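Novice: This is the structure I have questions about; it appears just below.
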Amino acid sequence: MPASAAFAEAAIYVYVDEAGTAHFTDAPTKPYYRPLPAFGLPRGVNLARGQYADLINQVSTEEGVDPELVRAIIRAESNFDPSAVSRKGAQGLMQLMPGTAGRYAVGNAFDPASNIRGGVRYLRFLHDMFSGRLPLALAAYNAGENVVLRYNGVPPYPETRQYVNRVLGFYGRREPVAIRTGAGPSPRRVRTDVAQFVPSTPSVFRRVDADGTPLYTNLPPLVQSPPGSTR
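Numbering follows numbering that gives the first Met the number 0, with no gaps: position 204 of the sequence shown is 203.
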C-alpha cells in the first residue's frame with residue numbers, strides 16, 4: 000500500500016470539551032468527534048489551553064479565584080504562550096512584569112507553574128484591594144493598582160479599557176463573577192459591567208507651567224503623561 004494511502008486511512012478525529020481541551024482519537028466512539036482537517040486544527044482549538052487546564056484549576060482553587068477568569072486573562076495576555084514577552088517586558092502566560100514577579104517570588108516567569116501561581120496571587124490581591132469590583136481589578140492588572148487608585152475608576156487609557164472589555168468578553172461579561180471571599184464554599188457574586196466603574200464626571204486639575212502659565216487638565220498630578228499601560 001502506498002504511504003500516501005496509508006496516511007489517508009489513518010484519519011484523526013477531534014473533540015473540544017467545555018474547558019477548551021482538545022481530545023484526539025483514530026477510533027471515535029461518540030458522535031461529537033469530528034474529522035481533523037488535513038492542514039491544521041479547527042478554528043478555536045488551542046492545544047496549550049488544554050495543556051495547562053489542570054494547573055490553572057489547582058492554583059485558582061487554592062487562591063479562591065474562578066479558573067475560567069484566569070483562563071480569560073491568560074488568553075488576553077499571551078494566548079497561552081509561556082514564552083511570550085511584551086514590548087514593555089511582561090513575561091510568560093500571565094505577562095508578569097519583573098517587579099510583580101519578584102513580589103510574588105516568581106523565580107522564572109517563563110515557567111508555567113510559577114507564572115500562573117504568581118499571576119493568580121496578584122489577581123487575588125487586586126480583587127481584595129478593589130473589594131471584588133472585577134473591572135477595577137482587571138484595569139489594575141493591566142495598568143497598575145496605583146493608576147486605578149488615582150483615577151478612582153478604570154483609567155482613560157484606550158489600551159486598558161480595551162483590555163478590560165477583552166477579558167470580560169472572554170470570561171462572559173454578563174455573567175456574575177465567582178470569587179470565594181471566605182472559608183465557606185459559596186462564592187460571592189460580583190457585577191462585571193464596566194460602565195459603573197468609569198467616572199462619569201472627570202475632575203479638573205490646575206497646575207502651573209514652568210513659565211508661570213496656569214494649565215487645566217483632567218489628569219491628576221504625576222499622571223500627566225501620554226496614555227499607556229505599565230506593561
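Using N, Cα and C, we set each Cβ at its ideal position, and we do this for glycine too.
Model, not experiment: these values are computed from the prediction.
Using CA coordinates, which residue listed in Gln161, Ser113, Asn114 and Gly91 is at the minimum distance from Pro134?
Specialist: Locating residue 134 in the sequence shown gives position 135, counting from the first residue. Considering only alpha carbons, the answer is Gln161.
Novice: Our contact map puts Val119 next to Val64 with C-beta atoms below 8 Å; I'd like the distance itself, whole angstroms only.
Specialist: One-based indexing of the sequence shown puts residue 119 at position 120. One-based indexing of the sequence shown puts residue 64 at position 65. Going by Cβ atoms, the distance from Val119 to Val64 rounds to 6 Å, so yes, they are a contact pair.
Novice: Go ahead and pull the three-state DSSP assignment for Thr60.
Specialist: Residue 60 sits at position 61 when you count from the first residue of the sequence shown. Looking at Thr60 - three-state DSSP - the assignment turns out to be helix.
Novice: When you compare only the Cα positions, how much space is there between Glu62 and Pro157?
Specialist: Numbered from its first residue, the sequence shown carries residue 62 at position 63. Numbered from its first residue, the sequence shown carries residue 157 at position 158. Rounded to whole angstroms, Glu62 to Pro157 spans 30 Å at the Cα level.
Novice: Go through its chain and collect everything with a Cβ distance to Ile115's Cβ below 8 Å, but skip five positions before and after it.
Specialist: The residue you call residue 115 lines up with position 116 of the sequence shown. These residues qualify, in order along the chain: Tyr51, Leu54, Ile55, Val58, Val69, Ile73, Leu92 and Met93.
Novice: Hey, out of Leu167, Pro81 and Ala138, whose CA is closest to Val153's CA?
Specialist: For the purposes of this step, residue 153 is identified with residue 154 of the sequence shown, where counting begins at 1. Checking every option, the nearest Cα to that of Val153 belongs to Ala138.
Novice: For Phe129, which residues of its own chain have a beta-carbon under 6 Å away from its beta-carbon, when the five flanking residues on both sides are left out?
Specialist: Here residue 129 is taken as the residue at index 130 of the sequence shown, counted from 1. For Phe129, where only same-chain residues beyond five positions count, the Cβ hits under 6 Å are Leu135 and Ala136.
Novice: Does Gln90 come out as helix, strand or coil in the three-state DSSP assignment?
Specialist: Counting from 1 along the sequence shown, the entry for residue 90 is found at position 91. It is a strand residue.
Novice: Expressed to the nearest angstrom, what Euclidean distance is found between the alpha-carbon atoms of Arg149 and Pro27?
Specialist: On the sequence shown, position 150 is the one that residue 149 refers to. On the sequence shown, position 28 is the one that residue 27 refers to. Arg149 and Pro27: Cα-Cα distance of roughly 56 Å.
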